Every structure is written in structure tokens, then in C-alpha cells.
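**Student:**
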Amino acid sequence: MKLKKVLVGGCFDILHVGHIKFLKKAKSFGDYLIVLLESDENIKKLKGKGKPIFSLKERITVLKAIKYVDKVIVVPKNPTHETYLKLIKKIKPNVVAITEGDILQKHKLSKNTNLIRQNWLGLN
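The sequence shown stops at residue 111 when you use our numbering, and every number in between is there.
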């Protein structure tokens, strides 16, 4: 049986209950949850000085400890739109789950991928 892959992405710096609810909900759309994790350098460019709070290694360790997460893939430094598209084509997810207002949303979408949009507050 072929696994139904779900792809999510983000910084996951200072992981909180909203992240856990999002990961749980995302996993419910498939069998295998893959997290695309932004590098420290990418977060610094996205969020500015003093970020990230936790190092890449720490964020990987925390994400891997979450029962809903099956695999963590680090996004290369200085990604372009093409970088994200190549990752999506390589991973071949059945579903890409994102939150409303995701600043990297345009990079995570693909014509051949179902999109599940979840609002942080609507993850019961």
C-alpha cells in the first residue's frame, strides 16, 4: 500500500500548542507527515535580528520527538521559489497543509497537490 504523504513547512521556532494542533490536523489528512524546516539563515532573513530563538539542531530534535511527524527536511539556505518547487516535486506529497497568512504560501503550492488551509483558531 502506498502511503499518502502530507507536507507542511515552517520555522517552528518556539514550538507552541498551535503548532502541535496544526501538525496533528495535517497528519489526519494522510499517513506520513513531512516537515520542511527553514534553516537558521532563512529565519534570520524572514524574521530579522535575534531570530531564530532555537537553533536548527534544537528545532529538528523537538519536531522529531512529536508523534505526528515522520520526517524533517531542512530547506537549503537562500531558497528561491524554484527551490521550494523542486522540493515539492521531489517529495511528491498528496497534500500540502498550510495555515492562513503563511508568509511562504506561494512557495508551497503546486498544481498537482491538494491544498488544505487551516486557520490557527479552527484546529479543534
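Idealized CB from N, CA, C, for every residue including glycine. Nothing here was measured: the structure is a model prediction, and the numbers come from that model.
(1) Could you name each continuous beta strand (DSSP E) segment of 3 residues or more that falls completely within the region 23 to 80, going from the start of the chain to the end?
(2) Which residues does DSSP list as the beta-bridge partners of Leu2?
(3) From Tyr19, Gly35, Arg46, Lys44, pick the residue whose C-alpha is nearest to that of Met(-12); which is it?
(4) What's the C-alpha gap between Lys36 and Gly17?
(5) Taking the alpha-carbon positions, what's the Leu74 to Asn29 distance?
(6) Enumerate in chain order the residues of its own chain whose CB-to-CB distance from Leu2 is below 6 Å, with the five nearest sequence positions on each side excluded.
(7) Which word fits Val4, buried or exposed, when buried means at least 16 other C-beta atoms lie within 10 angstroms of its C-beta?
(8) What's the gap between the Cα of Lys12 and the Cα of Lys44?
(9) Check whether the Cβ atoms of Ile47 and Leu23 sit closer than 8 Å, and answer yes or no.
(10) Using only alpha-carbon positions, find the residue among Tyr55, Lys32, Lys79 that is nearest to Asn65.
**Tutor:** On the basis of the data shown:
(1) 58 to 61
(2) Looking at the DSSP assignment, Leu2 forms no beta bridge with any residue, so it has no partner.
(3) Tyr19
(4) 36 Å
(5) 16 Å
(6) Answer for Leu2: Val49, listed in chain order.
(7) exposed
(8) 25 Å
(9) No; because the gap between Cβ atoms is not below 8 Å, this pair is not in contact.
(10) Lys32
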